[in-house]
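Residues in the sequence shown are numbered consecutively from -2, following my numbering. We put the beta carbon where it would ideally sit given N, CA and C, even for glycine.
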Amino acid sequence: MDGFSINSEVPPEYRKVKWLADIFVVGMGAGWVVHYVLMVYTSIKHQTYCLNIMPSATPSEWHHSPLVAQNGPLIFMATTALWVCGQFAVAMQLGPPLAYTWGAIVCQLLISVGQVCQLLNRNSTRGASYSLWLSRFFGSTSTIGFWTLRYLYWPEAFSWLGEPILIWAIAVFFASEFTYGYCFYRIQYQENLSHGSECKRK
-2 MDGFSINSEV
8 PPEYRKVKWL
18 ADIFVVGMGA
28 GWVVHYVLMV
38 YTSIKHQTYC
48 LNIMPSATPS
58 EWHHSPLVAQ
68 NGPLIFMATT
78 ALWVCGQFAV
88 AMQLGPPLAY
98 TWGAIVCQLL
108 ISVGQVCQLL
118 NRNSTRGASY
128 SLWLSRFFGS
138 TSTIGFWTLR
148 YLYWPEAFSW
158 LGEPILIWAI
168 AVFFASEFTY
178 GYCFYRIQYQ
188 ENLSHGSECK
198 RK
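Take a look at the structure:
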């Protein structure tokens, strides 16, 4: 049973905690909606991009790589087609409900690890913020809370949520997010020191 196409009754144990699971679902949705709104706001405010999954930036952000700068639309379309085909392939292999879950996990890891790489590569907090980080973290930890309740109180349908690869993905998520928070703090601290030194010179 994959936990989505269920014909059986919801167990009484899960009914008792369903209210909490529903709160986690709302938290998941709210966290990610806020995150995406903040991505747009931060991109406009800092005149740069926040999205690291696909190379969707303007050519000016790729002055160091003319090949990317001159072929941005083509790269964007090819990358989109690649991921759409991948999602269909997973859906054909596992079925749509599980494909949705695994697709979300892959996207989560790309975002979490990619944001750390982007921060370190830029060595700048442009396109990043504590608000972006915390909204993403809140949305994803709410998902983990929802999953945990289903795994514990509805094992007949959701025991697969305890599989080793999912535990590994959760560990990578937490490691990446805590690394991001630390790196953001360190880079912002250095930026503030540099800004203070420039002000003193003036």
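Looking only at its own chain, which residues have a Cβ that is under 8 Å from the Cβ of residue i, when we skip the five neighbours before and after it?
| i | result |
| --- | --- |
| V169 | L106, S109 and V110 |
| F21 | S139, T140, G142, F143 and L146 |
| P8 | Y150, W151 and E153 |
| A86 | none |
| R12 | none |
| S156 | Y148 |
| N68 | none |
Measuring alpha carbon to alpha carbon, tell me which residue in the options is nearest residue i.
| i | options | result |
| --- | --- | --- |
| C114 | V34, Q187, E174 and S128 | E174 |
| E181 | T122, T138 and G193 | In the sequence under discussion, the amino acid at residue 181 is Phe, which differs from the Glu named in the question. Checked all of T122, T138 and G193; the closest Cα to F181 is T122. |
| F143 | V14, L131 and V7 | V14 |
| N118 | H61, F73 and W151 | H61 |
| S120 | Q187, T145, I20 and V22 | One detail in the question is off: residue 120 reads as Asn in this sequence, not Ser. The residue with the shortest Cα to Cα distance from N120 is Q187. |
| E6 | R183, I167, A154 and W165 | A154 |
| S40 | F171, S126 and S156 | S126 |
| V103 | I162, P63 and A78 | I162 |
When the distance is taken between beta carbons, is residue j closer than 9 Å to residue i?
| i | j | result |
| --- | --- | --- |
| R147 | L131 | no |
| Y150 | E10 | yes |
| W99 | L91 | yes |
| G124 | H192 | no |
Among the residues of its own chain, which have a CB less than 6 Å from the CB of residue i, if the five just before and after it don't count?
| i | result |
| --- | --- |
| I50 | Per-residue confidence for I50 stands at a pLDDT of 47, beneath the threshold of 50, marking its modelled position as unreliable; the derived number appears in the next sentence. Closer than 6 Å at the Cβ level, and outside the excluded window around I50, lie L107. |
| W59 | V65 and A66 |
| G229 | Nothing about residue 229 can be read from this structure; the chain reaches only from -2 to 199. |
| A18 | F143 and L146 |
| C82 | none |
| F171 | none |
| W16 | none |
| A88 | A96 |
| E160 | none |
Enumerate in chain order the residues of its own chain whose CB-to-CB distance from residue i is below 7 Å, with the five nearest sequence positions on each side excluded.
| i | result |
| --- | --- |
| G26 | none |
Since I believe residue j is in contact with residue i (beta carbons under 8 Å), could you give me their beta-carbon distance rounded to a whole number of angstroms?
| i | j | result |
| --- | --- | --- |
| I167 | I141 | 6 Å |
| Q112 | Y38 | 16 Å between Cβ atoms; not a contact. |
| L129 | L35 | 5 Å |
| Q84 | A101 | The pair is not a contact, with the Cβ atoms about 11 Å apart (cut-off 8 Å). |
Would you call the stretch 22 to 34 and the stretch 135 to 155 in contact, with 3 or more CB pairs under 8 Å?
yes
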